[in-house]
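Whatever position you read off the sequence shown (first residue = 1), add 77 for our numbering. Backbone N, C-alpha and C fix where the C-beta goes; we use that ideal spot for every residue, glycine too. Structure record follows, encoded as structure tokens.
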Amino acid sequence: MVAIDLADRMLRWGVVFNRNDEFARSMSGRGRGVETVPLMQRWHNGAPIASGVSLLVTPIESDRLIGLDVISGESLFPEKNRITMRYLAGIRDGKFFLVGTNQISAYDVKTGNNLWTSNSDLLSVGQTISGRGVFGEDFYLLPTSSNEIIKVSLDDGTVLGRRMLRFQLGNLVAAQGELMSQGATSIAVAYGEASLEPKIEQALNRNPEDIQALIR
78 MVAIDLADRM LRWGVVFNRN DEFARSMSGR GRGVETVPLM QRWHNGAPIA SGVSLLVTPI
138 ESDRLIGLDV ISGESLFPEK NRITMRYLAG IRDGKFFLVG TNQISAYDVK TGNNLWTSNS
198 DLLSVGQTIS GRGVFGEDFY LLPTSSNEII KVSLDDGTVL GRRMLRFQLG NLVAAQGELM
258 SQGATSIAVA YGEASLEPKI EQALNRNPED IQALIR
């Protein structure tokens, strides 16, 4: 990784990280390629996330999370092993959040120390986290394999609410009061109350007996 100053296009710093063994063998040509199971057991997204002078990176070729100072490139804390985590959700209020198959954890962005991890009752038996969630003001929405969205407190990881939806849940995106989900084979939208009411009014003005508008 390198940092380039956009003002003068000068290289400011560079950092080298080690690939995990599976990727190293594949890139060297000595292995049999990247097998399916090891490929899934890695970071799902390698895009860096920055907040203030803190930069966090989860290279998909590595099993580590790297925290760096944006200005100097120096490490913020020792590299963290991925273990069962799948993606870096983001940074909020001095904390960064890692999500795995069955848990979410919060860490101090300055020290890397674990602040909390969700309880074992976050998910029911056989349920897994099925994609990227979205942040609310003080909570995080987790999509699950059973089409249930779980609302988790950013303060301590407690469950604030649960809601079953009628469509497959994958990666979530929130925009203008609407929640969109991209599953393996479909894209669905859940309208919020503020965005749904005008749509219902328009539909009923066109047709007062519109069944779809009435049941919404």
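Beta-carbon proximity check, residue i vs residue j, cutoff 8 Å
i	j	result
leucine 249	leucine 199	no
glycine 189	leucine 153	yes
tryptophan 120	tyrosine 164	yes
arginine 239	glutamate 225	yes
aspartate 215	serine 230	yes
glycine 171	valine 147	no
phenylalanine 94	proline 125	no
serine 263	leucine 246	no
asparagine 97	serine 149	no
serine 207	serine 222	yes
glycine 210	proline 220	yes
glutamate 156	leucine 142	yes
Extent of the continuous beta strand (DSSP E) to which residue i belongs
i	result
glycine 171	Note, glycine 171: premise wrong, no beta strand (DSSP E); not H, not E.
arginine 239	236 to 241
phenylalanine 216	216 to 220
alanine 261	Careful: alanine 261 lies outside any beta strand (DSSP E) and carries neither H nor E.
isoleucine 126	126 to 128
serine 131	131 to 134
isoleucine 181	181 to 185
Under the three-state DSSP convention, the category residue i falls into
i	result
aspartate 140	coil
aspartate 198	helix
phenylalanine 94	coil
aspartate 287	At aspartate 287 the pLDDT is 49, less than 50, meaning the model places this residue with poor confidence and gives no usable figure here.
tryptophan 193	strand
isoleucine 206	strand
serine 230	strand
glutamate 255	strand
leucine 153	coil
arginine 163	strand
leucine 249	strand
valine 211	strand
aspartate 82	coil
alanine 267	strand
valine 158	Note that residue 158 is asparagine in the sequence shown here, rather than valine. Of the three classes helix, strand and coil, the one that applies to asparagine 158 here is strand, per DSSP.
arginine 89	strand
glycine 123	coil
- Query: Using 8 Å as the Cβ pair cut-off and three pairs as the minimum, do the stretch 117 to 130 and the stretch 85 to 95 touch?
  - Reply: no
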